[in-house]
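*Asks:* There's a structure below that I have some questions on.
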Amino acid sequence: MENYNQVLPNDLSHENRLKCDFTYWTREIRVNRNDANAYKERASVCNLLGDYQGAIEDYTQAICINPNDDSAYCMRGQERRNLRDDKGAIKDYNKAIELNPNYAYAYYLRAELHYQQSNYH
Numbered sequence: 011m012e013n014y015n016q017v018l019p020n021d022l023s024h025e026n027r028l029k030c031d032f033t034y035w036t037r038e039i040r041v042n043r044n045d046a047n048a049y050k051e052r053a054s055v056c057n058l059l060g061d062y063q064g065a066i067e068d069y070t071q072a073i074c075i076n077p078n079d080d081s082a083y084c085m086r087g088q089e090r091r092n093l094r095d096d097k098g099a100i101k102d103y104n105k106a107i108e109l110n111p112n113y114a115y116a117y118y119l120r121a122e123l124h125y126q127q128s129n130y131h
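Going from the sequence shown to my numbering is simple: count from 1 and add 10.
Have a look at this one:
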C-alpha cells in the first residue's frame, strides 16, 4: 500500500481516479479479507462516488473485523446521515463515543444532528 500513488497515472479525471481507487481497494480486500483499513478506505471512495449504501456496507464489514474501531462507527454514522437515517446515525455516533469518550468529532456530529432536528436534550 505504500506505493499506492505510484500505481495510478497522474492524468486521470477525478471520477476515473476514484474508480481506480475503488478497484485498488477491492483488490486489497481480495488479498486480505480481514483488512479493516482496506474496507474503510473503499468506503471512503464509495462516499466520494455517491454510493452511500456501499460505504455503509464496507464500514459495517470493517466493524465486523474490528468491533472496537470508533472511527468506523463515526463514519458509518455519516453515511447513514447521508441516507437520512438519523436514528442509525445517532446510534453509530453514540457507539463511537462509548468506545472513545474523547472522540470530539463524534460529539460534534451528534450535536449537529440533534441541532438540525431541534432536539436539544
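By construction, the Cβ of each residue, glycine as well, lies at the ideal position given by its N, Cα and C atoms.
So, are the CB atoms of Ala114 and Glu89 less than 8 Å apart?
*Replies:* Cβ distance not < 8 Å, so Ala114 and Glu89 don't count as in contact.
*Asks:* Quick check: what's the CA-CA separation for Met11 versus Leu93?
*Replies:* Below a pLDDT of 50, predicted positions are generally treated as unreliable, and Met11, at 48, falls in that range; the measurement from the model is reported next regardless. Rounded to whole angstroms, Met11 to Leu93 spans 31 Å at the Cα level.
*Asks:* Can you check the segment 56-126 for any alpha helix (DSSP H) of at least 4 residues that lies completely inside it and give the ranges in chain order?
*Replies:* Runs found: 62-75, 80-92, 96-109 and 114-126.
*Asks:* Identify whether Met11 lies in helix, strand or coil by the three-state DSSP scheme.
*Replies:* Unreliable positioning characterises Met11 in this predicted model, as indicated by a pLDDT of 48, which lies under 50. The coordinate reading is nonetheless provided below. Coil.
*Asks:* Put Ser128 into one of helix, strand or coil per three-state DSSP.
*Replies:* Note: Ser128 maps to coil in three-state DSSP.
*Asks:* Is Ala48 near Trp35, with beta carbons less than 8 Å apart?
*Replies:* Yes, Cβ-Cβ distance for Ala48 and Trp35 is below 8 Å.
*Asks:* Should Arg97 be labelled buried (16 or more other beta-carbon atoms within 10 Å of its own) or exposed?
*Replies:* Note that residue 97 is Lys in the sequence shown, not Arg. Under this definition Lys97 is an exposed residue.
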